[in-house]
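What the sequence shown shows, in our numbering, is residues 31 to 147, in sequence order. Notes follow the structure.
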Amino acid sequence: MDEPLVDLTRTAALADPATEAGQAALVEIFRAYFDNVCAASDAMRRATAPEDVRAQAHRAKGASGIVGAVGLAALFADLEVRAAAGESVTRDVFDQIDAQLAALRRTITAWLGRDLQ
31 MDEPLVDLTR TAALADPATE AGQAALVEIF RAYFDNVCAA SDAMRRATAP
81 EDVRAQAHRA KGASGIVGAV GLAALFADLE VRAAAGESVT RDVFDQIDAQ
131 LAALRRTITA WLGRDLQ
């Protein structure tokens, strides 16, 4: 994947990470992000129709773009296109999603110096 994992400039535009209030806001934003994207990923795994995969990939792509998770946004964009073309999703795609989500969680936790759990 050519995209970086995260664009922290975009992420910092959501709330000021230099302030206590900004850090708290970013923790809540990322908690909601991980909840939503993990739910979308689970729905894609269970989906039986390509349109269902496409809709969930679109949802996850948008959320990823908003928080600056550009690597995941690109991965979900590719998945959205493939699902729209009727292609089936292989396990390796979900393995990539899981790996990117774990790496993003580690990166944001280190950047904020706060646990996202």
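For glycine and all other residues, C-beta sits at the position ideal for the given N, C-alpha and C. Predicted, not measured: the structure shown is a model, and the values here were computed from it.
{"Check": "D46, DSSP secondary structure in three states", "Outcome": "coil"}
{"Check": "F64 versus L109: straight-line alpha-carbon distance, rounded", "Outcome": "18 Å"}
{"Check": "C-beta atoms of A87 and M74 nearer than 8 Å", "Outcome": "yes"}
{"Check": "Assigned secondary structure, R144 (DSSP; H/G/I helix, E/B strand, else coil)", "Outcome": "coil"}
{"Check": "Distance, R76 Cα to R136 Cα", "Outcome": "26 Å"}
{"Check": "Helix, strand or coil at L134 according to DSSP, with G and I counted as helix", "Outcome": "helix"}
{"Check": "Cα-Cα separation between V36 and V100, rounded to whole angstroms", "Outcome": "5 Å"}
{"Check": "Three-state class that DSSP yields for L109 in the structure shown", "Outcome": "helix"}
{"Check": "Neighbourhood of E117 by C-beta, 8 Å cutoff - its chain only, sequence neighbours within 5 removed", "Outcome": "P80"}
{"Check": "Limits of the unbroken alpha helix (DSSP H) element including S94", "Outcome": "P80 to V97"}
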